[in-house]
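Peer 1:
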Amino acid sequence: MTIDWLLRDTAAPSDVAPLSEYLAGSAEGKLMLPFCAACQHPLDLDQLHCDECAHQVRVWQIVEPAGRVTVSIMMNRVDARYVKQEAAYPVIEVSLNSGHRIIVSTSTVSDAPIASGTEVRLEFVQVGTQYIPRIINTAVKG
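Here the sequence shown stands for residues 1 to 142, where the numbers follow UniProt numbering.
Dropping the structure here:
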């Protein structure tokens, strides 16, 4: 796995609940996300009960690191404590094939957003001692 081009080591996520399972999967190059144990509805990382059935037990499963761009913007705000990049950089919401939504950027420097609806795949990059997902393919820009 490569070192992230965008974030400094100080921006690495902490290995504490609710991120422990997510980060453990990421360290192995696997996208592990929570689902409702009762109805298998996709849950947010910090979601404690299911919106569909109100069940309060989560199970973590490996999901395909692929989906479609929902929205993509260029972020102009720079905080030098956390962000290496001085120019604008893409922030992208991806609707994963698993039903989850995830906010990511690209695995390489990009000076344009990615068009909504673009199919993308994710890979992992290193930030500090942790690994986070980034979009691999950025050939189609909007």
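Beta carbons: idealized from backbone N, C-alpha and C, even for Gly.
Take leucine 19 and list the residues in its own chain whose beta-carbon comes closer than 6 Å to its own, dropping the five residues that flank it on each side.
Peer 2: For the purposes of this step, residue 19 is taken as the residue at position 19 of the sequence shown. Pro13.
Peer 1: Would you mind working out which of Arg8, Ile135, Leu45 sits nearest leucine 23, comparing C-alpha positions?
Peer 2: Against the sequence shown, residue 23 aligns to sequence position 23. The shortest C-alpha separation from leucine 23 is found at Leu45.
Peer 1: Use the C-beta contact count for leucine 43: other C-beta atoms within 10 angstroms, 16 or more gives buried, fewer gives exposed.
Peer 2: Position 43 of the sequence shown, counted from the start, is the residue given in the question as residue 43. Label assigned to leucine 43: buried.
Peer 1: Just the Cα atoms here: how many angstroms apart are tyrosine 131 and lysine 84?
Peer 2: Translated into the one-based positions of the sequence shown, residue 131 becomes position 131. Translated into the one-based positions of the sequence shown, residue 84 becomes position 84. Straight-line Cα distance between these residues: approximately 17 Å.
Peer 1: Assuming tyrosine 89 is part of the beta strand (DSSP E), what are its boundary residues?
Peer 2: Here residue 89 is taken as the residue at index 89 of the sequence shown, counted from 1. First-last of the beta strand (DSSP E) with tyrosine 89: 89-96.
Peer 1: Evaluate threonine 118 with the Cβ neighbour count: other Cβ atoms within 10 Å of its Cβ, from every protein chain shown; 16 or more gives buried, anything less gives exposed.
Peer 2: In the sequence shown, counting from the first residue as 1, residue 118 sits at position 118. Threonine 118 is buried by the Cβ-count criterion.
Peer 1: Within the region 4-38, note down every full alpha helix (DSSP H) run reaching 4 residues or more, in order along the chain.
Peer 2: Correct list: 20-27.
Peer 1: Could you tell me which residues DSSP pairs with glutamate 119 in its beta bridges?
Peer 2: The count along the sequence shown starts at 1 and reaches residue 119 at position 119. Note: glutamate 119 sits in a beta bridge opposite Arg68.
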